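Participant: Chains as they are written, first to last, in the numbering used here: chain A, 7 to 425; chain B, 1135 to 1250.
In this text, a Cβ means the ideal position worked out from N, Cα and C, and glycines have one as well.
Every value quoted in this text rests on a predicted model; they were computed, and no experiment measured them.
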Amino acid sequence: MKKVQLAIVGGGPAGLAAAIAAREAGLQDILIIERGEALGGILNQCIHAGFGLHTFGQELTGPEYAQRFIDRVEAMKIPYLLGTMVLDINENKVLTVTGRETGLIQIQAEAIVLAMGCRERPRGALNIPGTRPAGIYSAGTAQRLVNMEGYLPGKNVVILGSGDIGLIMARRMTLEGAKVHAVAEVMPYSGGLKRNIVQCLDDFNIPLLLSTTVVDIQGQGHIESVTLAQVDERRKPIPGTEQVIPCDTLLLSVGLLPENELSLSAGVALDGVTGGPVVGDDLATSVPGVFACGNVLHVHDLVDFVSEEAGRAGRSAAEYVLHRRSAGRTVALRGSSGVRYTVPQHIDADAMADTVTVRFRVGQPYRGAALCAWAGDKLIRRIPKRILTPGEMESFPIRKADIPADCDTITFTVEEAAQ
Amino acid sequence: MTRQLTCIGCPMGCQLTATIENGVVTEVTGNTCKRGDDYARKECVAPMRTITGTVRMADGRVISVRTRTDVPKEKMFDVADAFNRARPKAPLHIGDVVIADVCGTGVDVVATANRE
């Protein structure tokens, strides 16, 4: 059986950054396994600008950002397989792989970095009534068709969900000559970045209909129209508010789901909230030698944070192979009172770096609030926040020196502004 | 006259009111920090955008492109039309000029991907 010290599953931004960091940490024998026909992952279809402000101090497009990492992987001569899919990973870190170059083979890895990314929530997960015509696409599928294949899926578009990909596609299809009639969002606030609402919708006078959803889809062979309706605070449609919008395309931008089938087959424990692996501060999963980073771990808004996180996973994987760190005292991290989850889910209070960045999302928008970290009833850090929204991932640095010796759980909470 | 706009400086999305007299912003209110003031002054007088898109190459392949820097916002659709008329030849690399001085803006359209 082919053997490799570190197998990296996925050659997108997370896999590339993990590979580079592992090599820099001294690991020679690395293999990146990529399902697509090119390295770069989803960045290849994200041709808009806005990537890399944190990492490179300039606004790159997705392909430009990816190429900087691909160039380093090439310069370091890190091997990779394209058009090659990992079908299974077992508990002993044996990968079953198929591809044109390899055929069906098994690879024994000493360590694995999971970097498979995420996929879009499909129509089937939404229970939208109506017929099943052609012309309904996830926003990312439309993005691929327009930006990589060079096809415009339709001319009269309605978008359900105000996630960033949907907003970006509203602008993109408008500039390509389509008419985007509306973006409907079931929540009373948008899940997208403010900048995207202004520059992708307001710039083109595209209405953003909050507390509104699709309640019916009409059309037999091809979609002909959708029915929108306002919803109440319990997200139930309000009778009498329906409006029919003729269209030939409905895009769904309704959330992303970490793609963890391989993690499960390897026996990795998943977090019920993030849908990704439960990890420690070194991004180690519950299976020794298996690490996770990027959107397979939890869905990010900024690729810069993916690269940083993946670098940590790559270094940890290299460390695992070259000289295992000794385990110390485990401190659980958990979210409460508005903090939905944390990544990592636990830290090693002895082996951790001096500062570990804990990332999470809040469950609703808050103004004038503060984020707090508690060790029991002792407040160990409080960070005032003028604004918190579910669409923006929060970063909360925890200092090793601040963790009390008798602490076994750190709880993160939102302290709401006084009324 | 006054103009309402939403600041894009951060997730706060402050609702700004800019007072404009003779094409000059004289006052900005509603902002919580200096970024809102800066944004309103530029956005009201000379709004600029970086335009990205795709171009069909002479050999039929698609390549992603951008304006190298931002261009006046009112040129957005003209620039998008220019993308659709261009038929550049391979090879193209990141930063190579695909359209020089697009729509008289003085800004080049450059490739954002590599096609050998």
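Just the Cα atoms here: how many angstroms apart are A/Asp-164 and B/Asp-1242?
Facilitator: Numbered from 1 along the first sequence, position 158 holds the residue referred to as residue 164 of chain A. Numbered from 1 along the second sequence, position 108 holds the residue referred to as residue 1242 of chain B. A small fix is needed here, since residue 164 of chain A is Val in this sequence, not Asp. So the two alpha carbons sit approximately 33 Å from each other.
Participant: So A/Pro-264 and A/Gly-281 are supposed to be a Cβ contact under 8 Å. How far apart are they, rounded?
Facilitator: Translated into the one-based positions of the first sequence, residue 264 of chain A becomes position 258. Translated into the one-based positions of the first sequence, residue 281 of chain A becomes position 275. With 8 Å as the limit, A/Pro-264 and A/Gly-281 qualify as a contact, their Cβ atoms being about 5 Å apart.
Participant: For B/His-1228, which residues in the same chain have their Cβ closer than 8 Å to its Cβ, ignoring the five residues on either side in sequence?
Facilitator: In the second sequence, residue 1228 of chain B corresponds to position 94, counting from 1. Looking at the sequence shown, residue 1228 of chain B is not His but Ile. Counting only Cβ-Cβ distances below 8 Å, and skipping sequence neighbours, we find Val-1244, Ala-1245, Thr-1246, Ala-1247 and Asn-1248.
Participant: Have a look at A/Met-193 and A/Ala-176 and give me their C-alpha separation to the nearest angstrom.
Facilitator: Working through the first sequence from its first residue, we reach residue 193 of chain A at position 187. Working through the first sequence from its first residue, we reach residue 176 of chain A at position 170. C-alpha separation (whole angstroms): 19 Å.
Participant: What residue ranges within the segment 103 to 172 of chain A form continuous beta strand (DSSP E) runs of no fewer than 3 residues, ordered along the chain?
Facilitator: 109 to 120, 124 to 126, 142 to 144 and 162 to 166
Participant: Quick test of your reading: A/Ser-322 and A/Thr-363, contact by CB under 8 Å. State the CB separation rounded to the nearest angstrom.
Facilitator: In the first sequence, residue 322 of chain A corresponds to position 316, counting from 1. In the first sequence, residue 363 of chain A corresponds to position 357, counting from 1. So it is not a contact: roughly 14 Å between Cβ atoms.
Participant: What's the C-alpha gap between B/Gly-1164 and B/Leu-1150?
Facilitator: Sequence index remark: in the second sequence, residue 1164 of chain B carries index 30 (1-based). Sequence index remark: in the second sequence, residue 1150 of chain B carries index 16 (1-based). So the two alpha carbons sit approximately 5 Å from each other.
Participant: Are the segment 300 to 313 of chain A and the segment 60 to 70 of chain A in contact at 8 Å, needing three or more beta carbon pairs?
Facilitator: yes
Participant: Ends of the alpha helix (DSSP H) at B/Ala-1180?
Facilitator: Taking the second sequence and counting its residues from 1, one reaches residue 1180 of chain B at position 46. Counted as a single uninterrupted DSSP element, the stretch harbouring B/Ala-1180 is not any alpha helix (DSSP H), since DSSP gives it neither H nor E.
Participant: Starting from the beta carbon of A/Leu-181, find every residue of chain B whose beta carbon is closer than 8 Å, and list them in chain order.
Facilitator: Here residue 181 of chain A refers to the residue found at position 175 of the first sequence. By Cβ distance, chain B contributes Ile-1185, Gly-1187, Met-1210, Phe-1211 and Ala-1214.
Participant: Anything in the segment 192 to 205 of chain A with a Cβ closer than 8 Å to a Cβ of chain B? List those residues in chain order, please.
Facilitator: Leu-199, Lys-200, Arg-201, Ile-203, Val-204 and Gln-205
Participant: For chain B, check one thing: does any of its Cβ atoms lie closer than 8 Å to the Cβ of A/Ala-55?
Facilitator: Position 49 of the first sequence, counted from the start, is the residue given in the question as residue 55 of chain A. With 8 Å as the cut-off, A/Ala-55 counts as an interface residue toward chain B.
Participant: For chain B, check one thing: does any of its Cβ atoms lie closer than 8 Å to the Cβ of A/Ala-122?
Facilitator: Taking the first residue of the first sequence as 1, we reach residue 122 of chain A at position 116. The question names Ala, but residue 122 of chain A in the sequence shown is Met. No, no contact with chain B.
Participant: Give a single yes or no on whether A/Ile-409 has its beta carbon closer than 7 Å to a heavy atom of the ligand NAD.
Facilitator: Because no ligand of any kind appears in the structure shown, any question about the ligand NAD cannot be addressed here.
Participant: So with Cβ pairs under 8 Å, would you call A/Met-154 a contact of chain B?
Facilitator: Taking the first sequence and counting its residues from 1, one reaches residue 154 of chain A at position 148. The beta-carbon of A/Met-154 is placed less than 8 Å from the nearest beta-carbon of chain B.
Participant: Taking its Cβ as the centre, do 16 or more other Cβ atoms sit within 10 Å of A/Asp-238, making it buried, or is it exposed?
Facilitator: One-based indexing of the first sequence puts residue 238 of chain A at position 232. By the Cβ-count criterion, A/Asp-238 is exposed, with fewer than 16 other Cβ atoms from all chains shown falling within 10 Å of its own Cβ.
Participant: Compare the C-beta of A/Thr-219 with all C-beta atoms of chain B and state if any pair is closer than 8 Å.
Facilitator: The count along the first sequence starts at 1 and reaches residue 219 of chain A at position 213. False, the Cβ-Cβ gap to chain B never drops below 8 Å.
Participant: Would you mind sorting A/Ser-269 into buried or exposed? The rule is 16 or more other CB atoms within 10 Å of its CB.
Facilitator: Within the first sequence, residue 269 of chain A is the residue found at index 263, counting from 1. It counts as buried.
Participant: Quick one: Cα of A/Lys-83 to Cα of A/Met-122, how far?
Facilitator: Locating residue 83 of chain A in the first sequence gives position 77, where the first residue counts as 1. Locating residue 122 of chain A in the first sequence gives position 116, where the first residue counts as 1. Taking the straight line from one Cα to the other gives about 22 Å.
Participant: Helix, strand or coil, according to DSSP, for B/Ser-1198 in the structure here?
Facilitator: One-based indexing of the second sequence puts residue 1198 of chain B at position 64. DSSP places B/Ser-1198 in the strand class (E or B) of the three-state scheme.
Participant: If we count the other Cβ atoms within 10 Å of its Cβ and call it buried at 16 or more, is A/Gly-168 buried or exposed?
Facilitator: Numbered from its first residue, the first sequence carries residue 168 of chain A at position 162. In the sequence on display, residue 168 of chain A carries Ser and not Gly. Buried.
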